[in-house]
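> Protein chains in written order, with numbering that gives the first Met the number 0: chain A, 0 to 203; chain B, 0 to 203.
No residue lacks a Cβ here, since even glycine has one placed at the ideal position from N, Cα and C.
Keep in mind that this is a model prediction, so the values were computed, not measured.
The structure is given below, and queries will be raised subsequently.
Number of protein chains: 2
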Amino acid sequence: MARELETKDAEPAAGKRVRADAQRNMDGLLKAAMEVFAVSGVDAPVREIASKAGVGVGTLYRHFPQRSDLIVAVFRREIDACADAAEALAAEYPPAEALARWMQRFVDFISAKRGLSSALHSGDPAYEPLPAYFDQRLRPALENLLQAAEEAGEIRSGVDPTDLLHAVARLSGTGDATGKDHARRMVALLVDGLRYRGDNETAG
Amino acid sequence: MARELETKDAEPAAGKRVRADAQRNMDGLLKAAMEVFAVSGVDAPVREIASKAGVGVGTLYRHFPQRSDLIVAVFRREIDACADAAEALAAEYPPAEALARWMQRFVDFISAKRGLSSALHSGDPAYEPLPAYFDQRLRPALENLLQAAEEAGEIRSGVDPTDLLHAVARLSGTGDATGKDHARRMVALLVDGLRYRGDNETAG
DNA sequence: CTATATACGGAACGATGTTCCGTTTATCAA
DNA sequence: TTGATAAACGGAACATCGTTCCGTATATAG
């Protein structure tokens, strides 16, 4: 899998020829970042990543001018996989259950990447492309699930997918070990809220 | 109101006599911090607060060794007010509605303090006393509301107040201007989730 | 093999949190 | 009133971090 990452992940070849050392360093940075992110979260010091990759910080900034560029590059495959999971679940389960399951799938992903949630909502311009990519890949996936469940009459209508995506991402931002379970419970509650239809309906 | 803060807020007099300049600087720091927090959020630079108060950073650290000590001191009155609001709402509305309204009250509070939400969940040891004070004041308030609504059969049982408190705080962490509305919607959804009782109940 | 565009590395800068200690001063007792 | 002294003050100093910049090294084309 690391093999594939080295050869295919970074720019299949965009017009100009890429210098071999540049490609090598790029791959090394991705690999190092993946490892560092896994143990220290996405807020890990830049120098740590650069040194683990055996390059200077200048090289890191050359390839990833924005911190979020590195994050997106590292997690792109997983984000895409999460988006793709929506279709699979929709094919296998009734609409509302597919929705509920995908939500948990999303929780699993975000919970596993410490600091990703805060980064997503920090508002820091350095992280701008990050929400953008989430919106591009994940929002349509959720939108389809929502629409199907709405049309089946299993959940209320008028729910904004972006709203939900942000909410779940926020709930999944974790620190301690029990954070993931907490997030799962609260997201499940949110889904039940979508299903609720009472006289005193609070939201909608 | 600033008057009251100066005379009553900071340690009514604990055993030893407090030097007048110390008390004065303490009050000045609280006032400065309140203003700075309001415009720059709770992550504002320490130096900014110290200089606005006309003291050195050493003085700030002497009075508030942990950053969260300053935050708690500044917001203590508002936190207490939020906790007290629970009783008032419980007396005026049916259990579940009192619960829903208090949740929104809590959203208003957290949304107004930029960065407070992240600080609460950062896991940073420097912020440790902050969740502690929230737990001490707000959790019992919510616990009462939940219990009343449970006993009235208006919501499901078995919901952990701490879970909910954390969840709402997370949802209320905002950056942009529309953040508060988003939080209100999502929290309302969460409350509806508490009310939902279906065959496919997801959480509980 | 040489020229040159490209990439590299890390020193340097500015911002920040935190500590430390020489200096100042409020308080109290004589 | 006046000195002694414990307490508090202030800000320099240190460590860490993100980010920029530019002299140096080198991969590649011809």
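In three-state terms, what does DSSP make of Y195/B?
It is coil, neither helix nor strand.
> Quick one: grab the DSSP three-state call for R16/B.
coil
> When the cut-off is 7 Å and only beta carbons count, does L209/B lie next to chain A?
Nothing in the structure corresponds to residue 209/B, since chain B is present only between 0 and 203.
> For the alpha helix (DSSP H) that F105/A lies in, which residues bound it at each end?
P94 to A111
> Starting from Y221/B, trace the alpha helix (DSSP H) both ways and give me its first and last residue.
Outside the modelled stretch of chain B, which goes from 0 to 203, sits residue 221/B, for which no answer is possible.
> Determine whether the Cβ of L189/A lies closer than 7 Å to any Cβ atom of chain B.
Yes, because at least one Cβ of chain B sits closer than 7 Å to the Cβ of L189/A.
> When DSSP labels each residue in this structure, what does T177/A get in the three-state scheme?
Three-state DSSP puts T177/A in coil, outside helix and strand.
> Under the three-state reduction of DSSP, which class applies to S44/A: helix, strand or coil?
The question names Ser, yet the displayed sequence has Pro at residue 44/A. Coil.
> I need the DSSP call for Q65/A, collapsed to helix, strand or coil.
coil
> Which residues, in order along the stretch 140-162 of chain A, keep a beta-carbon less than 7 Å from a beta-carbon of chain B?
Within the stretch 140-162 of chain A, the residues whose Cβ lies closer than 7 Å to some Cβ of chain B are D162, listed in chain order.
> Using a Cβ-Cβ cut-off of 6 Å (strictly less than) and excluding sequence neighbours within five positions of A140/A, which residues of its own chain qualify?
A82 and A85
> Out of curiosity, what's the CA-to-CA distance linking Y126/B and R66/B?
7 Å
> Candidates L59/B, Y195/B, A148/B and I109/B: which alpha carbon is nearest P93/B's?
A148/B
> So, using beta-carbon positions, are I78/A and R136/A closer together than 7 Å?
yes
> For I70/A, name the three-state secondary structure that DSSP assigns.
helix
> Take the Cβ of S110/A as the centre, count every other Cβ of all protein chains shown within 10 Å, and call the residue buried at 16 or more, exposed below.
It is buried - the Cβ of S110/A has at least 16 other Cβ atoms within 10 Å.
> Do you know whose CA, among D162/A, H62/A, R169/A and E142/A, lies nearest G114/A's CA?
R169/A
> Are the Cβ atoms of L29/B and V73/B separated by less than 7 Å?
yes
> For A1/B and L119/B, what's the separation of their Cα atoms in angstroms?
Low confidence applies to A1/B: its pLDDT is 36, below 50, so where it sits in the model is not reliable, and the reading given next is rough at best. In a straight line, the C-alpha of A1/B is about 26 Å away from that of L119/B.
> The alpha helix (DSSP H) spanning V167/A covers which residue range?
P160 to S171
> Determine the DSSP secondary structure at G27/B, reduced to helix, strand or coil.
helix
> Helix, strand or coil for R76/B, going by three-state DSSP, please let me know.
helix
> Contact criterion: CB-CB distance below 7 Å. Does G197/A meet it with respect to chain B?
yes
> For E3/A, which residues of its own chain have a beta-carbon under 7 Å away from its beta-carbon, when the five flanking residues on both sides are left out?
Because E3/A carries a pLDDT of 37, less than 50, the predicted location of this residue cannot be relied on, and no value is offered for it.
> Hey, is H62/A's beta-carbon within less than 7 Å of any beta-carbon in chain B?
No, H62/A does not count as interfacial toward chain B.
> Give the residues from the stretch 19-50 of chain A that approach chain B closer than 8 Å (Cβ to any Cβ), ordered along the chain.
Residues passing the 8 Å Cβ filter: none.
> Using 8 Å for Cβ pairs, my map puts K51/A next to A31/A. What's the rounded Cβ distance?
4 Å
> For chain A, is any of its Cβ atoms less than 7 Å away from the one on R194/B?
With 7 Å as the cut-off, R194/B counts as an interface residue toward chain A.
> How about L170/A: is its C-beta nearer than 7 Å to some C-beta of chain B?
yes
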